[in-house]
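Student: Numbering (the numbering used here), first residue to last: 40 to 172.
Quick one: this structure, given as structure tokens, is what I'll be asking you about.
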């Protein structure tokens, strides 16, 4: 089975969060895909962790260099842009989250997220399976 994971899940692979164990287990349970923008979103999460003193700079840099290894495929956002914008408009939700929805719909596979706002928005689209981490 293939699963789309968003940055809220992938960042937990390197950040010590309450559900990091579940996020790590997911890597071993399924083939993982994501839109290519996940690299920038994870980078942003790491930057914020450095700013608040939760992670050392060197560790964050090492993490960003290895974080994409578990993915079986990263899909260019250019391939998803129209559908992502349609979802953003329909759901009144930021487009960057909607790239994950567009990919889950296109690949007919579930999206796993730890983002409560994305989860609430995604539940309005009945044809996409969205699971909470």
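The beta-carbon is built from N, C-alpha and C at its ideal position, and this holds for glycine as well.
Source: prediction; values computed, not measured.
Quick check on the burial criterion: 16 or more other C-beta atoms within 10 angstroms. Buried or exposed for residue 129?
Tutor: Against the chain shown, residue 129 aligns to sequence position 90. Per the 10 Å Cβ criterion, exposed.
Student: With DSSP run on the structure shown, which of helix, strand or coil describes residue 53?
Tutor: Locating residue 53 in the chain shown gives position 14, counting from the first residue. The answer is coil: DSSP assigns residue 53 none of H, G, I, E or B.
Student: DSSP three-state label for residue 153, please.
Tutor: As a working note, residue 153 is residue 114 in the chain shown. Coil.
Student: Would you mind stating whether residue 83 and residue 89 have Cβ atoms separated by less than 8 Å?
Tutor: As a position in the chain shown, residue 83 is number 44, starting the count at 1. As a position in the chain shown, residue 89 is number 50, starting the count at 1. For the 8 Å CB-CB criterion, residue 83 and residue 89 do not form a contact.
Student: Since residue 32 is in the alpha helix (DSSP H), which residue starts that stretch and which ends it?
Tutor: Nothing in the structure corresponds to residue 32, since the chain is present only between 40 and 172.
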